[in-house]
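Comments concern the structure below.
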Amino acid sequence: MDTVDVLIIGGGPTGLMLALELALQDVSFRILDKALNRSDQSRALVVQPRSLELLNRHGIAKDLVAQGWKNTAVQVFVHKKEAINVNAESIGPKDSQFPAVLLISQAETERFLEKTLKEKYGKAVEWSVTIDDLKEEQPGNDDIDCHAITATLHNDQGQTSQIHAKYVVGCDGSHSIVRHAAGLAFEGAPYPQDFILADTHLNFTSPQSQPQSQSQSQPPPSITNLSICLGNSGFMAIFPLKDGLYRLICIRPGPLSTNNNENNTSNNENTDDKPPTLQDFQSALDNLAPVPATVHSPIWIARFRLHHRQVNRYRCGRFFVAGDAAHIHSPAGGQGMNTGIQDAVNLAWKLGLVLHHRGPYPAERLLESYHSERWKVGRTVLNTTDRLFETISSKSGLTIWIRNFVAVWILPWVVWLLGRERLRGRFRFISQLGIRGGDRAPDGKVKVVGRGGAEEDVFLLNLCRGKMHHLVLFLGDDEGVKKTGSTTNSGENENSEAFCEENKELVHVIRIIGPKGDDNEERNGEEEERYVDSEDTLRSRYGFQKEPGYVLIRPDGYIAHIGTMSAFEELRTWFGK
1 MDTVDVLIIG GGPTGLMLAL ELALQDVSFR ILDKALNRSD QSRALVVQPR SLELLNRHGI
61 AKDLVAQGWK NTAVQVFVHK KEAINVNAES IGPKDSQFPA VLLISQAETE RFLEKTLKEK
121 YGKAVEWSVT IDDLKEEQPG NDDIDCHAIT ATLHNDQGQT SQIHAKYVVG CDGSHSIVRH
181 AAGLAFEGAP YPQDFILADT HLNFTSPQSQ PQSQSQSQPP PSITNLSICL GNSGFMAIFP
241 LKDGLYRLIC IRPGPLSTNN NENNTSNNEN TDDKPPTLQD FQSALDNLAP VPATVHSPIW
301 IARFRLHHRQ VNRYRCGRFF VAGDAAHIHS PAGGQGMNTG IQDAVNLAWK LGLVLHHRGP
361 YPAERLLESY HSERWKVGRT VLNTTDRLFE TISSKSGLTI WIRNFVAVWI LPWVVWLLGR
421 ERLRGRFRFI SQLGIRGGDR APDGKVKVVG RGGAEEDVFL LNLCRGKMHH LVLFLGDDEG
481 VKKTGSTTNS GENENSEAFC EENKELVHVI RIIGPKGDDN EERNGEEEER YVDSEDTLRS
541 RYGFQKEPGY VLIRPDGYIA HIGTMSAFEE LRTWFGK
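First residue of the sequence shown? That's 1 in full-length UniProt numbering, and the numbers climb one at a time after it.
This is the structure in structure tokens:
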């Protein structure tokens with residue numbers, strides 16, 4: 001009997017990330033896809049900072065950044081005049097190794113994911129494999145080790161086989177067979193507009209108003225940042241890629257589509273047989289772009305329909321859905337692929353603990369937390385992108401007038417005020433109550449001092465990779481810590497050390513001392529490396545400037561529990577429930 005712990009259906013970015021994370025958890029899996037091979041179409045372009053942090057767990061992020069386009073600003077133009085120019089890094093996370101949004105073809109992202117999966121773990125996507133039947137043979141069986149799901153497969157050679165799995169995860173897009181097998185509803189509706197897309201090259205020319213002598217001495221202005229162009233005739237989004245390539249998205253010319261078939265749920269589904277032409281994009285550029293440009297040498301042109309839908313549950317028994325199988329929405333904000341990647345990381349470590357019978361969490365409650373945590377995120381993303389996209393893409397004359405007025409006269413003030421609010425938010429962030437369980441763990445540099453005195457700076461989240469929980473102890477910087485690495489209160493130290501010893505199979509401990517504890521005095525035979533918060537940045541971000549504290553970080557980089565060392569017993573109590 002062919003058996004596996006987890007069967008992954010879908011070899012896109014969500015399925016590949018889930019495969020990498022399951023491999024990290026030493027969970028057996030197979031990953032299948034009905035396509036003949038990987039698509040070379042760019043599709044999703046935006047990789048958010050949080051996704052880069054997660055990809056960095058597998059050493060992928062820096063290669064992606066080197067290959068992609070680091071977007072430094074977001075610009076909004078109204079009637080070809082700049083209304084808003086926001087520095088992307090200034091509004092990005094201040095405590096991340098990757099503060100800016102990355103623009104890169106989804107095909108490239110998938111290529112790096114698949115390459116890493118093969119080189120690090122010896123696993124690969126099985127292409128041209130179709131699921132003929134998927135059913136739970138023993139519904140209600142609570143035995144974690146039971147291979148309760150049977151999948152009937154056939155490949156492009158006409159061969160049929162069966163595989164028995166403990167769990168199945170559908171990462172198979174908007175037409176998910178897993179979602180249908182689990183009987184999950186995909187609630188939502190299509191947008192009324194049809195859209196056209198082109199990955200193409202642009203030639204920029206000098207404006208006619210520019211003096212000829214100046215145009216000959218200077219290169220023509222170009223578009224170097226993600227740009228949203230608004231006007232009475234509609235909107236256009238322009239994404240700069242590498243090597244002179246651009247992604248253009250705009251509403252297709254003509255009347256609104258009336259095809260509202262609820263079964264047509266793909267965000268990449270062509271709406272009719274009439275393909276868009278280069279002239280469609282040239283007309284949009286002429287009407288909306290802030291600088292003159294000529295479109296040429298397209299790589300991909302498509303017409304598509306967008307939907308906003310979300311599954312009613314992310315889990316049904318032994319079936320799970322993630323990525324586009326669980327949620328589809330407009331590309332506004334560049335969240336789609338990123339939300340799927342984060343779905344995968346959230347689910348993988350939970351499956352790992354349950355399948356290996358490890359951890360303090362009850363198995364059923366831990367698996368159910370995937371739905372409760374990720375459904376809320378998906379709903380927030382869907383609602384936010386829906387409101388934004390409806391405003392940008394509306395064809396209503398009144399809405400267009402209000403939108404353009406707000407963009408020119410009100411939004412610049414809003415952006416300025418948000419800058420001030422960010423400072424207030426930062427103050428709350430570093431206060432004692434600024435971080436709670438469930439938040440993303442803030443990142444920052446610590447200095448690693450080796451046994452030979454060698455020093456190097458590393459990011460905290462780089463130390464928190466792997467399949468274990470990570471207990472970060474922020475210790476003081478007095479004489480006792482400086483020489484022994486312990487807290488000043490012996491009772492607190494004994495309590496925490498006993499906990500670490502009891503849970504050493506589940507918890508990796510990182511002890512960080514403050515800047516005043518970093519000196520060149522003799523280390524009394526200490527053999528381990530020291531971690532020093534030499535700039536007092538991390539203690540400040542976690543709110544432990546006044547007294548020592550701890551933070552328990554989950555394998556996905558989120559905080560499970562946080563408190564002061566004087567209240568460490570609360571962690572022991574929570575961990576034991």
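C-beta atoms are modelled at their ideal positions from N, C-alpha and C, and glycine is treated no differently.
Given residue i as reference, the closest of the options once Cα atoms are compared
i, options, result
"D443", "P298, A325, V551", "V551"
"E368", "R315, D95, D386", "R315"
"I60", "F29, L20, H79, D95", "L20"
"residue 601", "A23, Q25, F204", "It is not possible to answer for residue 601, since the shown part of the chain is limited to 1 through 577."
"V169", "R247, G158, Q162, A151", "A151"
"L52", "P290, S174, T224, L461", "L461"
"T200", "N232, R57, A293", "A293"
"Y191", "L463, K447, L382, M468", "L382"
"L64", "I104, K376, A348, N346", "I104"
"E373", "V345, V354, G514, G183", "V345"
"D439", "I559, N495, C171", "I559"
"A325", "D172, Q342, S283, V458", "D172"
"R313", "H371, R38, K118, V446", "H371"
"P515", "Q545, V27, N503", "Q545"
Outcome for residue i when other beta-carbon atoms lying within 10 angstroms are tallied against a minimum of 16
i, result
"D194", "buried"
"R554", "buried"
"L36", "exposed"
"M1", "exposed"
"P276", "buried"
"T573", "exposed"
"R387", "exposed"
"T385", "buried"
"T3", "exposed"
"T380", "exposed"
"K120", "exposed"
C-alpha gap between residue i and residue j, whole angstroms
i, j, result
"H357", "L351", "10 angstroms"
"A148", "F98", "42 angstroms"
"F235", "C229", "5 angstroms"
"L54", "V78", "36 angstroms"
"F320", "H327", "13 angstroms"
"T160", "V295", "48 angstroms"
"K81", "D280", "22 angstroms"
"M565", "G549", "5 angstroms"
"L248", "D533", "45 angstroms"
"G15", "G323", "8 angstroms"
"T224", "Q75", "10 angstroms"
"A348", "L18", "6 angstroms"
"G334", "T537", "30 angstroms"
"I562", "L134", "42 angstroms"
"A189", "R179", "17 angstroms"
"P240", "V46", "11 angstroms"
"P362", "D132", "34 angstroms"
"F186", "E497", "48 angstroms"
"E494", "S176", "52 angstroms"
"H154", "L32", "11 angstroms"
Simplified DSSP assignment, three categories, for residue i
i, result
"D286", "helix"
"H470", "strand"
"Q310", "strand"
"Q25", "coil"
"V325", "Just to set this straight, residue 325 is Ala in the shown sequence, not Val. In the structure shown, A325 sits in a helix (DSSP, three-state: H, G or I)."
"P360", "coil"
"I177", "helix"
"I341", "helix"
"A198", "strand"
"K81", "strand"
"S496", "helix"
"G378", "helix"
"L460", "helix"
"M565", "helix"
"Q193", "strand"
"M1", "coil"
"V65", "helix"
"R318", "coil"
"A560", "strand"
"residue 590", "Residue 590 cannot be examined here, being either before or after the span of the chain that is shown, 1 to 577."
"A293", "strand"
"T10", "Looking at the sequence shown, residue 10 is not Thr but Gly. Of the three classes helix, strand and coil, the one that applies to G10 here is coil, per DSSP."
Beta carbon proximity, residue i to chain D, threshold 8 angstroms
i, result
"P221", "Protein chain content of the structure displayed is limited to a single chain, and chain D is not contained in it."
Would you mind listing the alpha helix (DSSP H) stretches within the region 114-174 that are 4+ residues and don't spill past its ends, in chain order? Listed in chain order, there is nothing to give.
Ordered list of alpha helix (DSSP H) runs contained in the region 33-60, each at least 4 residues: Qualifying alpha helix (DSSP H) stretches, in chain order: 49-55.
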